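Numbering (my numbering), first residue to last: 394 to 779.
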């Protein structure tokens, strides 16, 4: 028996055979575009077709895991429609005379590298979205089919990491669990696994070799362990642990809707932190008393242009509506230090790992105290933002 460890996002147990998800290796060659107008039309038509595909994926993801977890594909669609990306692709074709495939590869790698180089884990995960878009465009330009069909028998899917669209395309009835050699617990695969209750481990490492293809394995999400070729004693122990965990979850469901009161009669508010609408939905489903911290800066991170007023207003509106009459506390944008947003073109900050950043410009006079502003969910006006 081989035992490896990773970071878990779902405290469940699954038992099945390992299936390694593989992507085709590409060698995109630089070619000179003989007709730059024709090459741009080919590029632009491909981009529009990719937007149509992403709209379909958005609808599919909404059916599988709810509208809040499908938003990532709407964001990818917005990236494809972003004037900055369109200009970058157009400049590469018209000014440098490169072919569309090479333009996509160059622009995608540059943007992804910029995101990967940041210290913030959330922004680094958004680089996977850029890579996902790049792969989609290249598939269309090269006329390649999307790879990897799962075996008939349900299995544990193994990969270095999965991109958002790959995760959604996998038939969930055939996925027992995810075992990622790399990846991140903040990735879309992790979020989807947690929402669907699928045991998943990340950052296991390359000891999870392809020589284990087809071998029986057990993922224990409670301890972050994966057992390959388990012995009979471990198999029986994990089966028993799985039964007890399922019984415990069923018992907890009876507590939903009850007041949070100590034995001496003291009522306690239990609020949740939220980084997006998926977290807000989870807070409501798990009976949180409200949202203690809604991170507004996540609207800005992982994008290549600033979200407009309607995008921001719609985000806050949905968060308040989903929490109904429960309190939501919105933290005004926390940008700086490890959360840099290049497109805002702010002055170079003075970095401080504990205190965030200091803007070198003189501070403007304040007409009201800084900090968080509490919104009641009944409020749907645009006033009160910091």
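C-beta: ideal position from N, C-alpha, C; glycine also.
The model shown is predicted, which means the values in this text are computed figures rather than measured ones.
For residue 598 and residue 427, what's the separation of their Cα atoms in angstroms? Residue 598 and residue 427 have their C-alpha atoms spaced approximately 45 Å apart.
CB residue 609 to CB residue 409, shorter than 9 Å? The answer is yes: Cβ separation under 9 Å.
Through-space distance from residue 670 to residue 404, alpha-carbon basis: Those two C-alpha atoms are separated by around 22 Å.
Going by other Cβ atoms of all chains shown within 10 Å of its Cβ, with 16 needed for buried, is residue 394 buried or exposed? Using a 10 angstroms sphere on the CB of residue 394, the tally of other CB atoms stays under 16, which defines it as exposed.
Reducing DSSP to helix, strand and coil, say where residue 531 ends up. Look at residue 531 here: in three-state DSSP terms it is helix.
Excluding the five sequence neighbours on either side, which residues of its own chain have a C-beta within less than 6 Å of the C-beta of residue 500, listed in chain order? The answer, listed in chain order, is 481, 482.
Residue 716 - DSSP class collapsed to helix/strand/coil: Residue state, collapsed to three classes: coil.
Residue 580 - containing alpha helix (DSSP H), residue span: Membership of residue 580 in any alpha helix (DSSP H) is not indicated, and neither H nor E is assigned to it by DSSP.
Quick one: complete alpha helix (DSSP H) runs, 4+ long, within the region 454-528? With a minimum length of 4 residues, the unbroken runs of alpha helix (DSSP H) contained wholly in the region 454-528 fall at 460-474, 476-487, 493-509.
Assigned exposure category for residue 498 - 16 Cβ within 10 Å defines buried: Buried, by the Cβ-count rule.
Helix, strand or coil at residue 656 [DSSP, three-state]: DSSP places residue 656 in the coil class of the three-state scheme, outside both helix and strand.
Are residue 421 and residue 531 touching if we call contact CB-CB under 9 Å? Against a cut-off of 9 Å, the Cβ pair of residue 531 and residue 421 comes out as a contact.
Rounded separation between residue 512 and residue 444 - CA only: Cα-Cα distance, rounded: 30 Å.
Let me make sure I understand the geometry here. Which of 627, 620, 566, 615 has the alpha-carbon closest to that of residue 589? With distances taken between Cα atoms, residue 589 lies closest to 566.
In the structure shown, what three-state DSSP assignment does residue 666 receive? Judged by DSSP in its simplified three-state form, residue 666 adopts strand.
Would residue 470 pass as a contact of residue 617 if the rule is Cβ separation under 9 Å? Result no, Cβ atoms of residue 470 and residue 617 do not sit closer than 9 Å.
Roughly how far, in whole angstroms, is the beta-carbon of residue 563 from the beta-carbon of residue 548, given that I think they are within contact range, below 8 Å? So it is not a contact: roughly 10 Å between Cβ atoms.
Looking at the unbroken beta strand (DSSP E) that takes in residue 392, where does it start and where does it end? Summary: the structure shown does not reach residue 392, with the chain confined to residues 394 through 779, and so no result is reported for it.
Residues near residue 492 in its chain [Cβ-Cβ closer than 6 Å; skip 5 each side]: In the same chain as residue 492, and ignoring 5 residues on each side of it, the C-beta atoms closer than 6 Å to its own belong to 424, 426, in chain order.
Here's the rule: buried if 16 or more other CB atoms are within 10 angstroms of the residue's CB, otherwise exposed. What is residue 522? By the 10 Å Cβ count, residue 522 comes out buried.
For residue 596 and residue 580, what's the separation of their Cα atoms in angstroms? Each residue's alpha carbon lies about 12 Å from the other.
Go ahead and label residue 407 buried or exposed: buried means 16 or more other beta carbons lie within 10 angstroms of its beta carbon, across all protein chains shown. Label assigned to residue 407: buried.
Same chain, Cβ closer than 7 Å to residue 429, five either side skipped, listed in chain order: Excluding sequence neighbours, residue 429 sits near 486, 487, 490.
At what residues does the alpha helix (DSSP H) containing residue 558 begin and finish? Here the alpha helix (DSSP H) through residue 558 covers 557-562.
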